[in-house]
Every structure is written in structure tokens, then in C-alpha cells.
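Engineer: Before I ask anything, here is the structure I am working with.
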Amino acid sequence: MSNDLKSTALEQIHINLGAKMVPFAGYNMPVQYNGLKLEHAAVREAAGMFDVSHMGEFFVTGPDALAFLQKVTTNDVSKLIPGKIQYSCMPNETGGIVDDLLVYCFSAEHFLLVVNASNLEKDWNHLQGYTKGFDVVLVNDSDKYSLLAVQGPKATSLLQKLTKENLSEIKYYNFIISEMSGVQDVIISATGYTGSGGFELYVSNDQVEKLWHDVIEAGAE
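For the sequence shown, this note's numbering assigns the number 1 to the initial residue and increments by one for each residue that follows.
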């Protein structure tokens, strides 16, 4: 691996499993295992798991968190309630697009922004430039979280084996924070970009290896 590339917490697991590793958005990432056709079919017909831990996570907190996000994103953040997610856009002063992102609402004073890895530094600097006049705190926790996307028509039944929560009750673009497979405080998010349904799981780097292996085992049953 190039010294210029970052690693996800699961990098060595991917290498040990024979994944084809490629540079992506500054990270050494697995692009495929046994083959794209097989993996595509698995997600369309059953379930597949993606390591997308290169994504960025910014937390926005404080009395003016809502007003700040109304300023820097294009969607109406005031429509969010705790447990809801919003797809949005971060524009610049001339109407151009800095990035697209997801906005997670924990409360009116606590939000999570999930941004693209390729724009992470640019996004962070852009947001920092708008904090003046707002009572907010921005924290970049991108290096503390891993993100697993478990996608496909059988993703819900697979993950249901690992939690007491009723996953079928979590509607699209909603999330909960709960225990999964003995791992505490997992953000279980009914989101994804495959079109086949499923969840995205935000978990601390020191716990992601356990969750990865347990999802694999559940899928093999």
C-alpha cells in the first residue's frame, strides 16, 4: 500500500480475504472479491456487505445547530425530527455544489453530517467558514467511525439475527441507535444507494471487526 493512502479499520481483513484493493478517495479500498457479477447478483437477490468507512462524519451541536444547517444546506432541516435522515446538498456562494450529504437528526441541537470522502477536507473548510455568528460546535469524527452497508432483499432478515430491535419497523431514511451483536451504540440507518434495500451501520473503529465477522456468520447460516 502506498504511504499516501489511508486505511480503514478493516483493511487487513480485506487483504487476507483476497480482495482486489484499489486507491479510492485517498484510501486503500476493496473494489471486489470473487467478481463483480457474482457480487452484484448477491446484492440484487440476497445480501451483500460493503466497507464504506472512507465516508466522512461531522457532528454539529449547539443551540444554533439547526439554524446553522439551514444556512449551509439546501433542504429544509426544520422538517427533521429525532431519528429522521435527510438527503441534502451543500452549495457555495455562487450556486455551485460543494458536496451532497446526509443529515441525521438526533435533536434540534445535535446532528450528524455524512459527507463524501473525496470532498472531506473541502467540506470541512467550507463549513468552518460559516460558523461565525452561530453558537455551534463542529467535530470531525471521520477517523473514529467505520461504516458497513449491508444491502439486498435479505439484508433485514440477516441483520435481524443480530439485534432485538424490530428492523422491519425502521422506515426508509430513519435510524435508531442500539446494540447489535453485542456492540453498543450502533447507528442502524435504513439508507443505502443500491436500490435493493438494507441498512448502513455506523460503529466505532475498535468494534467494527467483531460486527463484520458476525454479519458474515449470520449470512452464512
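Every residue, glycine too, gets a C-beta built ideally from N, C-alpha and C.
None of the values given here were measured: they were computed from a predicted structure.
Would you grab the beta carbon distance between ASN119 and VAL98 for me? Rounded to a whole angstrom, and I think it's under 8 Å.
Structural biologist: The Cβ separation is near 7 Å, so the contact holds.
Engineer: Taking only runs that begin and end inside the stretch 33-116, name each unbroken beta strand (DSSP E) of 3 or more residues, in chain order.
Structural biologist: 48-51, 56-61, 85-91, 97-107, 110-115, all fully within the stretch 33-116.
Engineer: Across which residues does DSSP place PHE24 in a beta bridge pair?
Structural biologist: Answer is TYR27.
Engineer: Cα separation between LEU69 and PRO153?
Structural biologist: Each residue's Cα considered, the two are about 34 Å apart.
Engineer: Determine, using beta-carbon pairs with one atom in the stretch 45-59 and one in the stretch 81-96, whether at least three such pairs fall under 8 Å.
Structural biologist: The stretch 45-59 is not in contact with the stretch 81-96.
Engineer: Does the distance from the C-beta atom of ILE85 to that of THR191 stay below 8 Å?
Structural biologist: Yes, these two residues count as a Cβ contact at 8 Å.
Engineer: So, are the CB atoms of PHE111 and VAL60 less than 8 Å apart?
Structural biologist: Against a cut-off of 8 Å, the Cβ pair of VAL60 and PHE111 comes out as a contact.
Engineer: Once you ignore the five residues that flank ASN75 on each side, which residues in its own chain have a CB closer than 8 Å to its CB?
Structural biologist: GLN86, TYR87, SER88, CYS89, VAL103.
Engineer: Taking C-beta to C-beta, are TYR202 and TYR145 nearer than 8 Å?
Structural biologist: It is a contact, given that the beta carbons lie within the stated cut-off.
Engineer: Helix, strand or coil: which one does DSSP assign to ASP135?
Structural biologist: Coil.
Engineer: Express the C-alpha separation of GLU45 and GLU209 in angstroms, rounding to a whole number.
Structural biologist: Looking at the two C-alpha atoms, the distance is approximately 25 Å.
Engineer: Could you tell me the alpha carbon to alpha carbon distance between SER7 and ALA67, rounded to whole angstroms?
Structural biologist: Answer to the nearest angstrom: the Cα atoms are 35 Å apart.
Engineer: Counting pairs of beta carbons, one from the stretch 121-136 and one from the stretch 166-178, are three or more of them closer than 8 Å?
Structural biologist: Cβ pair count under 8 Å is below three, so no.
Engineer: Under a Cβ-count criterion, where at least 16 other Cβ atoms within 10 Å of its own Cβ denotes burial, should GLN151 be classed as buried or exposed?
Structural biologist: It is buried - the Cβ of GLN151 has at least 16 other Cβ atoms within 10 Å.
Engineer: Within the continuous beta strand (DSSP E) that includes ILE187, where are the two ends?
Structural biologist: Its beta strand (DSSP E) spans residues 183-189.
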